[in-house]
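Those letters in the sequence shown? Residues 146 to 546, by the working numbering.
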Amino acid sequence: MKAILKISLVSLISSGLTFMFFISFYSPEKLNIEAAIAPIVPMNFSSNYEAINAAPTDFVLAANKSIGAVVHIKNTANGSSDNYLDYFLGEDRRARVGTGSGVIVSPDGYVLTNNHVIENATKLEVTTNDNKRYQATLVATDPATDIAVLKIDTDKPLPYLYFGDSDQTRIGEWVLAIGNPFNLNSTVTAGIISAKSRDLNDRDSKNQSYIQTDAAVNMGNSGGALVNTSGELIGINTAITSMSGGFEGYSFAIPSNIARKVFEDLVEFGSVKKGLIGIFGTPVTPDLVASENLSLLEGVYIREVQKGMGAEKAGLKEEDIITKIDDIKIKTFSDLTGYIESKHPGDRVTVEYYRNGEAKTTEVTLEVINQVRFMQMTIENFTAKEKKEMNLDYGLRVLES
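Here it is, written out as structure tokens:
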């Protein structure tokens with residue numbers, strides 16, 4: 146009994162000492178201090194970031210508005226042959242068939258496509274989204290921009306796409322690519338605009354300015370439509386960059402403002418009338434900044450001004466740096482050429498530029514160049530009157546050699 150009392154007494158004393166130890170070292174004041182080391186502070190992002198609309202993008206309206214205006218194009222062309230009988234008879238009995246896409250851009254049947262889709266064609270067949278087939282005639286082509294115009298005849302107005310303003314498109318904007326990849330008619334894919342004024346001169350000889358997207362584009366999509374979420378035509382799908390030959394996330398479209406201008410010229414004149422600003426330039430690069438001691442890091446540096454052209458008449462000089470034309474910011478030469486190619490001879494543009502670090506503005510009238518130096522010769526185009534008098538479709542006059 147005494148042993149039990151001793152054990153109970155020792156337990157009671159131990160419990161008391163433990164309680165006193167806890168009170169001494171873990172008082173509420175000290176606990177509060179420890180907790181205050183890392184306080185939770187409410188975060189308010191509204192003053193630093195714009196609210197983002199989390200509503201999902203609906204592509205149904207754009208697809209429904211666009212899909213009926215995109216057509217399948219079959220190109221039949223004479224093929225090459227090593228068959229000795231064909232050679233002996235002077236003919237090639239085999240035909241090559243290629244396919245691509247096109248866009249109806251008027252209710253009376255004008256179709257816009259790529260030149261490479263219909264190149265060397267002896268027969269062109271267009272199939273609309275409702276499976277009606279038409280024999281198409283070639284109106285005209287412009288290989289420099291890879292644009293061709295076809296015409297199909299029909300008794301009823303056709304569904305067609307309105308041209309959107311490609312200058313107003315923005316990087317990150319949703320787009321749809323509509324075409325016929327691998328003969329899978331009326332295929333719609335979605336993506337965003339990845340870049341604008343993309344220069345592909347290292348891949349071809351054309352002086353172009355493309356819209357780059359990640360919407361899936363494959364063989365057969367060429368000549369098809371790139372539309373915005375309002376169903377407006379903002380580009381003609383033209384090319385991809387690929388290591389495998391298939392789509393890898395990089396597709397390129399001719400901007401609608403260029404395509405529309407080329408289309409209108411081809412229908413009205415049969416050829417493209419290009420308005421030129423009259424300079425030779427290069428984009429501002431870090432190397433150029435260092436070598437020329439430039440004060441700007443972006444723009445187009447003028448290396449030469451062509452005599453008698455609009456730039457010279459407006460007062461632009463060598464070593465000026467163009468930074469803006471109308472409302473278009475100029476960072477690269479493809480920014481400049483892409484915008485100017487959408488204009489006509491006689492159009493006036495406002496050019497903002499820097500000279501010796503000072504900002505200036507001038508008005509430039511775009512002109513057609515008539516004389517050029519080529520291989521120690523000076524040549525010029527015949528006028529329309531001269532070509533008519535000599536029954537010529539095209540030709541050049543040698544002025545000096």
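Beta carbons: idealized from backbone N, C-alpha and C, even for Gly.
Note that the structure is a prediction, hence the values are computed from the model and not measured.
query	result
Outcome for N328 when other beta-carbon atoms lying within 10 angstroms are tallied against a minimum of 16	exposed
V294 classed as buried or exposed, judged by whether at least 16 other C-beta atoms fall within 10 angstroms	buried
Where N274 sits in the DSSP three-state scheme	coil
Whole-number beta carbon distance between T477 and P428, since they are thought to touch under 8 Å	5 Å
Between the CA atoms of D287 and R315 - distance to the nearest angstrom	27 Å
Inter-residue Cα distance where the pair is E508 and T482	17 Å
Integer-rounded CB distance, given that A398 should sit under 8 Å from T334	The pair is not a contact, with the Cβ atoms about 13 Å apart (cut-off 8 Å).
Cβ-Cβ separation, G309 to N373 (assumed contact under 8 Å), whole Å	6 Å
Closest Cα partner of G453 within the set P201, V513, V320 and A208	V513
Spatial distance of V490 from V417 (CA atoms)	Residue identity differs from the one stated: residue 490 is Pro in this sequence, not Val. If I take the Cα positions, the gap works out to 10 Å.
Coil, strand or helix - F204 by DSSP	coil
Sub-8 Å separation of L321 and A404 beta-carbons	no
CB of A281 within 8 Å of CB of V262, strictly	no
T299, buried or exposed, once every other Cβ within 10 Å from all chains shown has been counted against 16	exposed
Rounded Cβ spacing between T383 and N259 (contact assumed at less than 8 Å)	6 Å
Beta-ladder partner(s) of A398, from DSSP	I356 and N382
Residue closest to T332, alpha-carbon to alpha-carbon, out of L306, F204, A459 and I212	I212
N-terminal and C-terminal residue of the alpha helix (DSSP H) that D432 is part of	P431 to E437
Local conformation of F392 per DSSP, three classes	coil
T495 versus I467 - alpha carbon distance	11 Å
Reduced DSSP secondary structure (H/G/I, E/B, other) of H489	coil
Under 8 Å between C-beta atoms of K296 and G254	yes
Residues of its chain near R493, where Cβ-Cβ distance is below 8 Å and the 5 sequence neighbours each way are ignored	E508, V509, T510 and L511
Complete runs of the beta strand (DSSP E) confined to the stretch 440-482 [at least 3 residues]	445-450 and 466-470
Closest Cα partner of K301 within the set P252, Y307, A289 and A285	P252
Where the beta strand (DSSP E) containing N259 begins and where it ends	Y255 to N259
For T290, the nearest candidate out of S389, A459, E497 and K419 (CA to CA)	K419
According to DSSP, residues forming a beta bridge with E377	Paired residue(s): none; E377 is not in a bridge.
Assigned exposure category for V205 - 16 Cβ within 10 Å defines buried	exposed
Given G502 as reference, the closest of E534, L442, D480 and V450 once Cα atoms are compared	L442
Cα-Cα separation, D275 to G247	15 Å
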